[in-house]
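Chemist: For the sequence shown, UniProt numbering assigns the number 1 to the initial residue and increments by one for each residue that follows.
Every residue gets a Cβ at the ideal spot worked out from N, C-alpha and C, and that includes glycine.
Given the structure is predicted, the values throughout are model-derived calculations rather than measurements.
Here it is, the structure in full.
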Amino acid sequence: MEALDTSDTFSGDSIRCAIALEDDMYSRNLETGFSYEILREFAKTDNCKMTIVPERGNADYLDSLLLGKVDIVVLPYQDTAVSGITFSRPIDGKVMALKSGKLSHIREINLWLSHFQSSDEYTALLSRFNRYYDPHAKAEKGLKASTISPYDSLIKKYAAGLGWDWRMLAAVIYQESRFSINSYSYRGATGLMQVMPSTAEHYNISDLLDPEQNIMAGTSHLARLQKMFRNSDISAEEQIKFVLAAYNAGEGRIEDCRTFARAVNLDDTRWEDIVKAIPDMSKEETVREHGLKFGKFNGSETVRYVDNVMSHYEAFCMICPA
């Protein structure tokens, strides 16, 4: 985009932003990613540092704006006045809200939005994010596409580092977050690959809401798990299932599964046999008798996780042939 001459009222500032959208879940996931990219483009153009305030439950971000806890809130367009709040011009059904009294800031945002909406970058963002996507419905209809997600270029980049088919990594991300950068679990896992803060810290990742940093953290962890299972006698074909299971449940849990499988004469190198062993691992006597290090394990969630990722992968391969 061409350079834009503004008064630089934000220049050099650190801007705290929140994204508060309330559409249906999948649409909301894409809209959140779209809004993040808009904010990032604005910060980049105006030489600012952008920080996204994580979404928590039903937080009232307009109150946070009035209290000075955030500087900008992106929310659905509304034509109703709110005391103490000033709204920007709309962009794709959304507005930026600022605390009233910052007229130079709102003028700067409106000028930038007007310029940005006529740019090639904006057209490209619309193409990336404004599409409804149900991979299984598409696969069943025999439909084809050249893209899977708004983050295909990042997924391809980091899948190559793993030695994976990029569509497998896309399947993991789809299972984890449905491609939502703003996805959170009650355990604290965050972003596209649902990375825990402790994992991010281990890999020196500072911003889990940034798509590339999140994928970098997730794939770094997958690479470590993959290396661990490569050093075992598990076949290359089976390894991916063990890596997926460990990403979901933790490698210690999966090593417990293998220990128990061997003890009951099942093949600990085949995921199918691990699945057979898992139901008994929820019993206290199993833990005592076999010395399982991580205690009881109700692994039904992990079994579903592996099945779902493999199913998503098959759908993505049908939709987007290599």
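Given a threshold of 16 other Cβ atoms within 10 Å of its Cβ, counted over all protein chains shown, does A137 qualify as buried or as exposed?
Modeler: Here residue 137 refers to the residue found at position 137 when the sequence shown is read from its first residue. Result: exposed.
Chemist: Determine the closest residue to Y313 out of D273, S177 and A139, with distance taken between C-alpha atoms.
Modeler: Here the question's residue 313 lines up with position 313 in the sequence shown. Comparing Cα-Cα distances from Y313 to each of D273, S177 and A139, the minimum goes to A139.
Chemist: Roughly how many angstroms separate the alpha carbons of Q226 and N248, rounded to a whole number?
Modeler: Reading the sequence shown from its first residue, position 226 is the one you call residue 226. Reading the sequence shown from its first residue, position 248 is the one you call residue 248. Approximately 13 Å, taken between the alpha carbons.
Chemist: Within this structure, are the beta carbons of G252 and I278 separated by less than 7 Å?
Modeler: Position 252 of the sequence shown, counted from the start, is the residue given in the question as residue 252. Position 278 of the sequence shown, counted from the start, is the residue given in the question as residue 278. Not closer than 7 Å, so no.
Chemist: When the Cα atoms are used, what is the spatial distance from A217 to Q175?
Modeler: Counting from 1 along the sequence shown, the entry for residue 217 is found at position 217. Counting from 1 along the sequence shown, the entry for residue 175 is found at position 175. Going by the C-alpha atoms only, they are around 17 Å apart.
Chemist: With a cut-off of 8 Å on the beta carbons, I'd call F297 and D256 a contact; round off their distance for me.
Modeler: Stepping through the sequence shown from its first residue, residue 297 is reached at position 297. Stepping through the sequence shown from its first residue, residue 256 is reached at position 256. That pair is a contact at about 6 Å.
Chemist: Give me, in chain order, the residues of the same chain whose beta-carbon lies closer than 6 Å to that of Y158; leave out the 5 immediate sequence neighbours on both sides.
Modeler: Here the question's residue 158 lines up with position 158 in the sequence shown. So the list reads I215 and T219, once near-sequence residues are dropped.
Chemist: Return the residue from the list I52, E41, D13 and H115 that minimises the CA-CA distance to N182.
Modeler: If you number the sequence shown from 1, residue 182 lands on position 182. Cα-wise, what sits closest to N182 is I52.
Chemist: Could you tell me whether the segment 30-44 touches the segment 84-95, using the rule of 3 or more Cβ pairs below 8 Å?
Modeler: Because the criterion of three Cβ pairs below 8 Å is met, the segment 30-44 and the segment 84-95 touch.
Chemist: Excluding sequence positions up to five away, which residues of its chain have a Cβ less than 6 Å from the Cβ of S83?
Modeler: In the sequence shown, counting from the first residue as 1, residue 83 sits at position 83. Around S83: no qualifying Cβ.
Chemist: For my contact list, F229 and Q239 are in at a C-beta cut-off of 8 Å; report their separation, rounded to the angstrom.
Modeler: In the sequence shown, counting from the first residue as 1, residue 229 sits at position 229. In the sequence shown, counting from the first residue as 1, residue 239 sits at position 239. Rounded, the Cβ-Cβ distance is 5 Å, consistent with contact.
Chemist: Is N58 buried or exposed, if buried means 16 or more other CB atoms sit within 10 Å of its CB?
Modeler: Reading the sequence shown from its first residue, position 58 is the one you call residue 58. Bear in mind that a pLDDT of 49 at N58, under 50, signals an unreliable position, so the number given afterwards is only what the model happens to contain. Its Cβ having fewer than 16 others within 10 Å, N58 is exposed.
Chemist: By DSSP, does E2 sit in helix, in strand, or in coil?
Modeler: Reading the sequence shown from its first residue, position 2 is the one you call residue 2. Low confidence applies to E2: its pLDDT is 44, below 50, so where it sits in the model is not reliable, and the reading given next is rough at best. Of the three classes helix, strand and coil, the one that applies to E2 here is coil, per DSSP.
Chemist: Q78: buried (16+ other C-beta within 10 angstroms of its C-beta) or exposed?
Modeler: Position 78 of the sequence shown, counted from the start, is the residue given in the question as residue 78. Result: exposed.
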